[in-house]
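K.L.:
Residue numbers (this note's numbering), protein chains in the order written: chain A, 1 to 75; chain B, 1001 to 1383.
(1) Return the chain-ordered list of same chain residues with a C-beta closer than 6 Å to the C-beta of residue 1285 (chain B), the five sequence neighbours on each side being excluded.
(2) Tell me which residues share the same chain as residue 1169 (chain B) and place their Cβ nearer than 6 Å to its Cβ, disregarding the 5 neighbours each side in the sequence.
(3) If you count every other CB in all the chains shown that lies within 10 Å of the CB of residue 1025 (chain B), and 16 or more means buried, which is it?
(4) Quick test of your reading: residue 1088 (chain B) and residue 1145 (chain B), contact by CB under 8 Å. State the CB separation rounded to the nearest angstrom.
(5) Only counting the same chain, and skipping five residues up and downstream in sequence, which positions put a Cβ closer than 8 Å to that of residue 17 (chain A)?
(6) What I want to know is whether the C-beta of residue 74 (chain A) ends up closer than 8 Å to one or more non-hydrogen atoms of the ligand FAD.
(7) Using a Cβ cut-off of 7 Å, pull out every chain B residue sitting near residue 14 (chain A), in sequence order please.
(8) State the Cα-Cα distance for the pair residue 1294 (chain B) and residue 1265 (chain B), rounded to the nearest angstrom.
(9) Measure from the alpha carbon of residue 52 (chain A) to the alpha carbon of each residue in B:1373, B:1301 and B:1097, then state which is nearest.
(10) Got a sec? Which residues, its chain only, sit under 6 Å from residue 1052 (chain B) by beta carbon, not counting five neighbours each side?
(11) CB-CB under 6 Å to residue 1001 (chain B), same chain, minus the five flanking residues each way: which ones, in chain order?
(12) Excluding the 5 residues flanking residue 29 (chain A) on each side, which residues of the same chain have their C-beta closer than 6 Å to its C-beta?
(13) Which ranges would you report for the alpha helix (DSSP H) in the segment 1119-1145 of chain B if only whole runs of at least 4 residues count?
(14) Taking only runs of the alpha helix (DSSP H) that begin and end inside the segment 1316-1377 of chain B, which ones reach a length of at least 4 residues, in chain order?
(15) Using a Cβ-Cβ cut-off of 7 Å (strictly less than) and excluding sequence neighbours within five positions of residue 7 (chain A), which residues of its own chain qualify?
(16) Where do the N-terminal and C-terminal ends of the alpha helix (DSSP H) with residue 1059 (chain B) fall, by residue?
(17) Assign residue 1007 (chain B) to buried or exposed, taking buried as 16 or more other Cβ atoms, counted over all protein chains shown, within 10 Å of its Cβ.
(18) Can you grab the Cα-Cα spacing for the pair residue 1077 (chain B) / residue 1252 (chain B), in whole Å?
(19) Looking at chain B, which residues of the segment 34-49 of chain A have a Cβ within less than 8 Å of any of its Cβ atoms?
(20) Check residue 1015 (chain B) in the structure and name its three-state DSSP category.
(21) Tell me, please, whether the CB atom of residue 22 (chain A) is closer than 9 Å to any CB atom in chain B?
(22) Taking just the CA atoms, how far does residue 1343 (chain B) sit from residue 111 (chain A)?
(23) Is the segment 1178-1192 of chain B in contact with the segment 61-75 of chain A, if contact means three or more CB pairs nearer than 8 Å?
(24) Any contact of the segment 1062-1073 of chain B with the segment 1203-1211 of chain B, i.e. 3+ C-beta pairs under 8 Å?
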């Protein structure tokens, strides 16, 4: 389960990626942040952002709140 | 201050070659009659059509009777896919295609699936290169009627291993269709295909002319209502003046292709090398070596693709983008998606015979400031 949730539903890319990038430095290393994002580009861009920034992309899930992406702060 | 225009979207449509313009104007006077009729004007039109076909077939390395002119590259791609499937429907109903085909091919595949057929999509790697092992497994499966592979990605420029893919198809007895829209008139064509399509406005011909080549012995059946023209492969009157212009410009483009490759490839290398150094947080995508000579794509982190296109346009630069906000469907480019690379802030730059070194230098000089301004406006500097 994620430690916290960022609700970016209704936001178009790159806004969900920007929200994740803003939040990550504020949480302790090891924290899993779940990004709720219904823009289909988030499915590509959140994992790509993790790769570029050396953060851990835990996975994508689709739950009752729609598509979600779990990211763990790795450093 | 208005900036002088720098057109960098040749992969969508190259500016018309001067030879195409001359041929078009001449053929408007001389080639308006129906080439199928039996009077003097028609015979003149027939001569022009035959000469255009002969010249184009020679450039492609096919026989004239293997080549049809269609009303667009899209129509040619639709016909290639649906006709290739129809011709082998007794063998099976599976279409194998790469994940990075042009949307025209994917839409034809979608039609096939809606009618009860199967489409088996083969992945690419992070550089946009076909997974050959998966491809070989896919074409060997029972019931494969046709395989479709783009010669080189129209979005990121990565050249596909067509010879190897064709060998796998040959082993499996499956005909290969190649979408050569970005290659014809620019780079040598690969061997081993059964069906090929191209589009004239990609090489400096007029819009509204496509090429469909079907090799002798290929089981291909027109998916359209019957029509005698163009080898019975595509219906309707050809736009003869445009076809004449397409053929003339293809001959000119092919004659200059090696020299243009030598001139443009280093300019693309320069963009590939300098953009990630001079603009922070940029991912240049596509294969750095096995690529088209005229095309380069990169994505700028935290930048809205539509805003970037507009900002570039205000400075006179015409480029394309695979970002979702720039598409009518609001979906990111399926090519960038298949590669797993950043899709927002995406820019595709494609060069052509009128592109100068000074154009590229001005683009490289202005891009860092344009991206920096957009990031400052969005408040994402330092993220």
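Glycine included, C-beta positions come from ideal geometry on N, C-alpha and C.
Given the structure is predicted, the values throughout are model-derived calculations rather than measurements.
P.N.:
Per the coordinate set shown:
(1) Excluding positions up to five away in sequence, the list reads 1156, 1297 and 1341.
(2) 1139, 1147 and 1176
(3) exposed
(4) 4 Å
(5) 42, 45, 46 and 49
(6) Among the components modelled here there is no ligand, and therefore nothing to report on the ligand FAD.
(7) Simply 1302, 1303, 1304, 1344 and 1345.
(8) 6 Å
(9) B:1301
(10) 1243, 1244 and 1247
(11) A caution first: residue 1001 (chain B) carries a pLDDT of 48, below 50, which makes its placement in the model too unreliable to give a value.
(12) 73
(13) Listed in chain order, they are 1132-1140.
(14) As far as the segment 1316-1377 of chain B is concerned, its whole alpha helix (DSSP H) runs of at least 4 residues are 1334-1339.
(15) 36
(16) 1040-1060
(17) Residue 1007 (chain B) should be labelled buried.
(18) 24 Å
(19) 39, 40, 41, 43, 44, 45, 47, 48 and 49
(20) coil
(21) yes
(22) Residue 111 (chain A) falls outside the range modelled here, since chain A spans only 1 to 75, and no answer is possible.
(23) no
(24) yes
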